[in-house]
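K.L.:
Spelled out as structure tokens, the structure:
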């Protein structure tokens, strides 16, 4: 592989304009394709085989699907109105409300617009204004209301009406829910702006008007300020790393081409399959970080090869570029493959939305690797001998050595670890262990209006409903009951018994009422409004209680009623539980994969074992820190404490694994290279830290800055992901890879590289250090005199 990459790097350097032109054409083509083919995204967390699916199955079988909609694709909105002064029925407030309702009725594709009216003054039913379908539905609804009322007392009917009331008891808050004829994927991208414009009419007249729901949710761009800030910090770090006003721009040039290509690829994919908002965000986040990091690693090696070869001519610089791609490029490909495999594996755990995120992010990494081994050497050729021009006074390049009168910090740290490896090992593990403590309290939930930033209209609408109608109003549960096994004359009475007796005994229920009946009362749906909020543990316990068997005794005969519990809250609970259940299996797969890949790369048993254990330390410390900050409000970073996003743990494991292997390869490959040439295990650790510490540090700082910048996003799940990834990089790079791993390697000595002979014979030799390339160049005309030194 090293020889092939050497040829690619040398070719790209010598044919720089052609290679750059190809990438520019690819970029333009992807942008055009992304703009013309992209469709709106929709976050669909539904999973096959979930417990909530049973309710949908009953409704499809007994009610012909009536009332069943996919909560992740249906386009709907709930408007919430709040009187700043007085009551909503006051003259000025009512006029403002009427004007807002008129604007809402004018929204395109509004379903049943002729039936929408002021919630404080519902319009009387005028069947003359109804369509034939609406009249038929109205007639059925009236018949069902009469049947349902027959099994409810007058007091209970009043309680039902209070729960369903569009206006709060204090007369200051009202709600209006509407739906649209199109799916959310078919609505134009600016539709949330149209909804906000309708709400703004009421705001201009003194009302507080907020909106939430799938049609009202604005889609945050994956790009913007986050990438700009991350890129700015990356530029500063690169200038310090290379001590050059020219070289720092090369990794950023890679990102300017690579990240848009990757993002536009995801946008094109929306034309052919339904995607959520998360794939684009993560492709941007991961793509930007690894594109810069991989370029940093290769440019660092290129500078080293220039110094070793004493390259002054174009041909010699092309040789240095080829060697850099053949050696560092091999490590980049290996590191990139580990990230892609870990992310791509998410597509095989039975969760489509998580698989989409993994595949999209893996696509971004693939583009980063491809850019690094083709476009980067072409850019090196474009700048020629001026790549490291513009030397910044006071700064020293990463390969400055003692011969130049300066001891590199990496060398200083390597010597400290060499003197007290046991102390540094214990200190590193202890710090990570303390950080991991909060993980015991970790809670997860899917992102929704209740987790949005407090400044957003979605969150304000959620809070207004909680204040005006109770916290349970934001998370009603739907119980679908199949009563076909009961005698027909006892079915309605049985449903009444369920809502009057059984649900009352369960507790934590504000109200339970029959909302739909199937023909011959063969099935019924019951809407249960909890007393607790959607993310409260009490609500989750209630869902489990509702799913238990319903005890029915009719005429002394026991009946078992098949039933299911759905609703947004129940569905999200099922998804979170499924994610928790597959997390250990996925973690085992990732750790096992890490062991096998590193076993092949480093031809050692203990090196991959310690790498995998270090990865686990990074993961638990990251989870602990994220729980402390976002769930417990530590450090005062956020004022909107909430459970972690359900898919964050499993996705973070995949990404952290890949990044951890990046740093492991960058650092330990140099140790192995030195050990192979000298046989001195402890000196090889110092050498690996000496040459790898600065690159790993720079790469980590860049990734941390990129990920941290996403905390400026207005969506909490993006903030959590950005913080989690930044924390993971910090812990893994600075504590695990630069403290724990060198300490272990120093303690193990030569035993770190032990490998049974029988295993050595059967393992493939991937040669990520480029030993075969060194041998090949050793007999070549261009590098005969320096081959041994190049790979020393």
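In the numbering used here, the protein residues as written are 1 to 792. Don't be surprised by glycine CBs; every beta carbon is placed ideally from N, CA and C. Every value quoted in this text rests on a predicted model; they were computed, and no experiment measured them.
Take residue 427 and list the residues in its own chain whose beta-carbon comes closer than 8 Å to its own, dropping the five residues that flank it on each side.
P.N.:
Same-chain partners within the cutoff: 739.
K.L.:
In terms of residue numbering, what span does the alpha helix (DSSP H) encompassing residue 621 cover?
P.N.:
Segment 606-626, the alpha helix (DSSP H) holding residue 621.
K.L.:
Taking the alpha carbon of residue 179 as the reference point, which residue from 256, 108 and 137 has its own alpha carbon closest?
P.N.:
Measuring from the Cα of residue 179, the nearest candidate turns out to be 108.
K.L.:
Which residue or residues does DSSP assign as beta-bridge partners of residue 564?
P.N.:
Looking at the DSSP assignment, residue 564 forms a beta bridge with 480.
K.L.:
Under the three-state reduction of DSSP, which class applies to residue 485: helix, strand or coil?
P.N.:
Note: residue 485 maps to coil in three-state DSSP.
K.L.:
At what residues does the alpha helix (DSSP H) containing residue 212 begin and finish?
P.N.:
Here residue 212 belongs to no alpha helix (DSSP H); instead the beta strand (DSSP E) covers 207-212.
K.L.:
Just tell me which of 697, 752 and 9 has its CA closest to the CA of residue 328.
P.N.:
Nearest of 697, 752 and 9 to residue 328, Cα basis: 9.
K.L.:
With distances taken Cα to Cα, identify the nearest neighbour of residue 697 among 662, 647, 517 and 717.
P.N.:
Among 662, 647, 517 and 717, the Cα nearest to that of residue 697 is on 662.
K.L.:
Sorted by chain position, which residues of the same chain lie with C-beta nearer than 6 Å to residue 322's C-beta, five sequence neighbours on each side aside?
P.N.:
Contacts found: 6, 9 and 10.
K.L.:
Using CA atoms only, rank isn't needed, just tell me which of 338, 383 and 618 is closest to residue 593.
P.N.:
Nearest of 338, 383 and 618 to residue 593, Cα basis: 338.
K.L.:
What distance in whole Å lies between the Cβ atoms of residue 583 and residue 650, which are believed to be in contact at a cut-off of 8 Å?
P.N.:
So it is a contact: roughly 5 Å between Cβ atoms.
K.L.:
I believe residue 81 touches residue 97 by the beta-carbon criterion, under 8 Å. Please report the beta-carbon distance rounded to the nearest angstrom.
P.N.:
Confirmed, about 6 Å.
K.L.:
Counting only the same chain and skipping the five closest in sequence on each side, list residues whose C-beta sits under 6 Å from that of residue 160.
P.N.:
Excluding residues within five positions, the ones whose Cβ falls inside 6 Å are 513.
K.L.:
Distance check for residue 660 and residue 599, CA to CA, integer angstroms please.
P.N.:
Roughly 15 Å separates the two Cα atoms.
K.L.:
Thinking C-alpha only, which one of 618, 637, 631 and 625 is nearest residue 654?
P.N.:
Comparing Cα-Cα distances from residue 654 to each of 618, 637, 631 and 625, the minimum goes to 618.
K.L.:
By alpha-carbon positions, which one of 724, 298 and 148 ends up nearest to residue 627?
P.N.:
Looking at the Cα atoms, 724 is the closest of the given residues.
K.L.:
Going by the DSSP bridge assignment, what does residue 83 pair with across the sheet?
P.N.:
In the DSSP output, where bridge partners are listed per residue, residue 83 has 207.
K.L.:
Kindly indicate the opening and closing residues of the alpha helix (DSSP H) around residue 501.
P.N.:
Taken as a continuous stretch (DSSP letters only), residue 501 belongs to no alpha helix (DSSP H), as it is neither H nor E.
K.L.:
Express the C-alpha separation of residue 690 and residue 405 in angstroms, rounding to a whole number.
P.N.:
Reliability fails at residue 405, whose pLDDT of 46 lies under 50, so the model's placement of it is uncertain and the value that follows must be treated cautiously. Computed Cα separation, rounded: 16 Å.
K.L.:
What residues in its chain sit with their C-beta under 7 Å from that of residue 682, if we drop five residues either side in the sequence?
P.N.:
Closer than 7 Å at Cβ, skipping near neighbours: 418, 746 and 749.
K.L.:
Can you give, in chain order, each stretch of the alpha helix (DSSP H) that sits fully within the region 411-482 and has at least 4 residues?
P.N.:
The qualifying runs are 421-435 and 457-469.
K.L.:
Count the other C-beta atoms from every protein chain shown that fall within 10 angstroms of the C-beta of residue 413, then say buried if there are 16 or more, exposed otherwise.
P.N.:
Buried, because 16 or more other Cβ atoms sit within 10 Å of the Cβ of residue 413.
K.L.:
Would the region 205-218 and the region 477-497 be scored as touching if the rule is three or more Cβ pairs under 8 Å?
P.N.:
No, the region 205-218 does not touch the region 477-497.
K.L.:
Mapping DSSP to helix, strand and coil, what is residue 680?
P.N.:
Coil.
K.L.:
Leaving out five residues before and five after residue 531 in sequence, what residues of the same chain have Cβ atoms less than 8 Å from its Cβ?
P.N.:
So the qualifying residues of the chain are 470, 471, 472, 508, 509, 510 and 538.
K.L.:
Between which residues of its own chain and residue 633 is the CB-CB distance below 7 Å, once the five residues before and five after are set aside?
P.N.:
Excluding residues within five positions, the ones whose Cβ falls inside 7 Å are 641.
K.L.:
Please name the residue, chosen from 523, 520, 502 and 174, that lies closest to residue 84 on a Cα-to-Cα basis.
P.N.:
Ranking 523, 520, 502 and 174 by Cα distance to residue 84 puts 174 first.
K.L.:
In the DSSP assignment, what are the bridge partners of residue 517?
P.N.:
Looking at the DSSP assignment, residue 517 forms a beta bridge with 524.
K.L.:
Report the three-state DSSP secondary structure of residue 190 (helix, strand or coil).
P.N.:
Residue 190 falls in the coil class under three-state DSSP.
K.L.:
Please report the residue range of the alpha helix (DSSP H) in which residue 338 lies.
P.N.:
Counting along the chain, the alpha helix (DSSP H) containing residue 338 begins and ends at 314-344.
K.L.:
Check for me: the alpha helix (DSSP H) holding residue 729 runs from which residue to which?
P.N.:
Here the alpha helix (DSSP H) through residue 729 covers 716-730.
K.L.:
Could you please give me the residues that DSSP links to residue 175 through a beta bridge?
P.N.:
Note: residue 175 sits in a beta bridge opposite 80.
K.L.:
Shortest alpha-carbon distance to residue 684 belongs to which of 415, 262, 110 and 118?
P.N.:
Ranking the options by Cα distance to residue 684, first place goes to 415.
K.L.:
Using the DSSP secondary-structure output, state which residues sit across from residue 645 in a beta bridge.
P.N.:
DSSP, once it has assigned bridges, lists 445 as partnering residue 645.
K.L.:
Do residue 258 and residue 362 have their C-beta atoms closer together than 8 Å?
P.N.:
Result no, Cβ atoms of residue 258 and residue 362 do not sit closer than 8 Å.
K.L.:
Tell me the DSSP bridge mates of residue 7?
P.N.:
DSSP, once it has assigned bridges, lists no residue as partnering residue 7.
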